[in-house]
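Residue numbers (the working numbering), protein chains in the order written: chain A, -1 to 336; chain B, -1 to 336. Structure first, commentary second.
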DNA sequence: ATGAAAGCGCTAACAG
DNA sequence: CTGTTAGCGCTTTCAT
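If you want it as structure tokens, here you go:
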């Protein structure tokens, strides 16, 4: 049953029912009695306004799209959870899309979402987009907020970590412990976040006046295979690093796998700082020193920006940057004397 | 620009544009020339049929709802990812809802989704629903598929693990190694899946003719705190179990935390079998023996059932059960001699 | 305080 | 092969 049938049933106008059910009774000064009658009947017959009809009329779908590279990655699942929770309380639904870290899929997905007339778009991008798509994105029909990383060439609002200083924090921690030779397990060296983190590591080297030659890095994508390959390369280097920083959230998995294969011990043979705190980081042997992102705060900010763009038509595109926190645990010690 | 404006622009009827753009050109035998002209213009002006209008007309939104207890739990995030991927290829979008393991939230969310006139509902339930909601769910306006666990009182299609034999497998593995005293870290003992897993464990005890008194269990919810409390209780028992099975996916986190606090060593002091394979299960020290669910196959089945219900109006509600796989690793050994 | 009616953008039935 | 048109369910302006 829909609201006009309900209206018939009650002998009132559709508009009255509509006003009551969409919470505008007061605004239109519907009588207490009518309100009660309508609500009661609506309850009884399980009547709710069809969002399709309402959406069509209002020109809004009540849905925002959320595009993540990998919902399986705990950073993104935490983000998704927090974003959905907050948006829900504003009556907005979240459409989930997973690009599987693949730029082409991402492009296809963005095209789809753009066509779906969503109310807004939250994008955690992987790659760069085609010029055609980029142009559409630049003149969006809906507010866009990027998280985690910017989409190259797009100046939309962005919520991200201060990656550079996060990288610096990680490296400084190791350098302070006396490590001289460090390895970085990079994610996608083409991504801005990866570059920034690495740049931060280099900053630390400069600050400590250590020869940048002592810093080696490997990596090429966020895939498990690539992480493993990179880890192997790092651990097979002529002069093996005494400390490794995994710059991408998933990198630690590849590293741990490889460390095991090489029969190395953390931290005796190798100190490790891992990007992204995970639920299991404190629980493994040894507990991992990590760089944690303030996921919840970031989610809050994303939603806040989005809602602001939804409600006002100001065209400002803020870049909000959050500080990472180094959580010191036992995967880092001073290097063994030779 | 919408399709009727496009039609004007081209001097053709809206219906023609509609037919071309919704892929029915062939069916209506639109001329090659017109098709080309329309497609080209649509491309040029970025015109896609508004799904709100189309949906309203067709009576379908093109969206299915996915309700999970915790997207942060890797079982559910893998499930969500696989489901979204498959549904996407049928042009269906996925609305994500996270009930945070809370029955009340779940109820509220289900009410919302029911009202949203989604095309279908995929539910991984937490608790039991109010009788009122249950009745709505029983006469659903859309196909419903449950995953992981049934919603008590609802006979909709279900895709789940063969929990009983999974529990049995886990216990048998421990019992075969010579363990006599086992502990179960349960999730929510009110949930059917938890009960089945536990029943499976009891089956194994019976099969091995071991006194059921040697089987103790603790737990009350899926929360981290409860897991820790349960783990503490288990490890503080008068006669400490030599082996523990974590029946819920998150339980292992609480157990590991507690094992660490108690300064116990796995597997020397305690053998462990953990439900749900996680990306890090093989990588920690010691690598965990786990019970793995065939997530991808389960996702495939969910989507298959849903699409079948979407396309035909057969009212069959299959219960599909999948076999768990025990992945043997080093967290289980024979118990120390006393 | 409420009703009547227009129209959001689309598809499908019907017409030719 | 293509056009015309009704109407999906709703909100909102206008009218009273």
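Note that CB positions come from ideal geometry on N, CA and C, so glycine has one too. Please read all numbers here as calculations on a predicted model, not as lab measurements.
### Query
Taking Cβ positions only, does residue 182 of chain A come closer than 8 angstroms to chain B?
no
### Message
With H, G and I counted as helix, E and B as strand and the rest as coil, what does DSSP make of residue 206 of chain A?
### Response
coil
### Query
Quick one: what does DSSP say residue 248 of chain A is sitting in, helix, strand or coil?
coil
### Message
Using the Cβ count rule (16 or more neighbours within 10 Å means buried), how would you classify residue 22 of chain A?
### Response
exposed
### Message
Please state the DSSP three-state secondary structure of residue 111 of chain B.
### Response
helix
### Message
Measuring straight from C-alpha to C-alpha, what distance separates residue 191 of chain B and residue 268 of chain A?
### Response
42 angstroms
### Query
Interface residues of chain A around residue 340 of chain B at Cβ under 7 angstroms?
Absent from the structure is residue 340 of chain B, since the part of chain B shown begins at -1 and ends at 336.
#### Entry: Exposed unless 16 or more other CB atoms sit within 10 angstroms - verdict on residue 326 of chain A
exposed
### Query
Taking buried to mean at least 16 other C-beta atoms within 10 Å of its own C-beta, is residue 71 of chain B buried or exposed?
buried
### Query
Taking the DSSP output, what are the residues bridged to residue 216 of chain B?
B:183
### Query
With distances taken from CA atoms, which of B:146, B:90, B:175 is nearest residue 321 of chain B?
B:146
### Query
What residues in the stretch 100 to 121 of chain A bring their beta carbon closer than 7 angstroms to a beta carbon of chain B?
113, 114, 115
### Query
According to DSSP, is residue 257 of chain B helix, strand or coil?
helix
### Task
May I ask you to report which of helix, strand or coil DSSP gives residue 317 of chain A?
strand
### Query
Applying a beta-carbon distance threshold of less than 9 angstroms, which residues of chain B neighbour residue 92 of chain A?
93, 94, 95
### Task
Would you identify the three-state DSSP class for residue 64 of chain B, choosing helix, strand or coil?
strand
### Message
Can you pull out the residues from the stretch 232 to 258 of chain A whose beta carbon lies closer than 8 angstroms to at least one beta carbon of chain B?
### Response
251, 254, 255, 258
### Query
What is the C-beta distance between residue 181 of chain B and residue 232 of chain B, in whole angstroms, given that I count them as a contact (C-beta under 8 angstroms)?
4 angstroms
### Task
May I have a chain-ordered list of the beta strand (DSSP E) segments no shorter than 3 residues that lie completely inside the stretch 72 to 145 of chain A?
91 to 96, 118 to 121, 142 to 145
### Query
How far does the beta strand (DSSP E) with residue 269 of chain A in it reach, from first residue to last?
269 to 273
### Query
Mind checking residue 207 of chain A: buried by the 16 CB within 10 Å criterion, or exposed?
exposed
### Task
Residues of the stretch 64 to 82 of chain B with a CB closer than 7 angstroms to any CB of chain A: list them in chain order, please.
69, 70, 72, 75, 76, 78, 79, 82
### Query
Counting only beta-carbon atoms, is residue 176 of chain A nearer than 8 angstroms to chain B?
no
### Message
Could you check whether residue 165 of chain A and residue 198 of chain A sit closer than 8 angstroms to each other, using their CB atoms as the reference points?
### Response
yes
### Task
Say whether the stretch 88 to 102 of chain A touches the stretch 55 to 69 of chain A, bearing in mind that this needs 3 or more beta-carbon pairs closer than 8 angstroms, one atom from each stretch.
yes
### Query
residue 141 of chain A CB to nearest chain B CB: under 8 angstroms?
no
### Query
Looking at the C-beta of residue 53 of chain A, does it have a partner C-beta in chain B at a distance below 8 angstroms?
yes
### Task
Measuring alpha carbon to alpha carbon, tell me which of B:252, B:104, B:11 ends up nearest residue 126 of chain B.
B:104
### Task
Determine which residues share a DSSP beta bridge with residue 158 of chain A and list them.
A:319
### Message
Between which two residues does the alpha helix (DSSP H) holding residue 1 of chain B run?
### Response
1 to 8
### Task
List the residues of chain A that residue 283 of chain B touches, going by C-beta distances under 7 angstroms, in chain order.
282, 283
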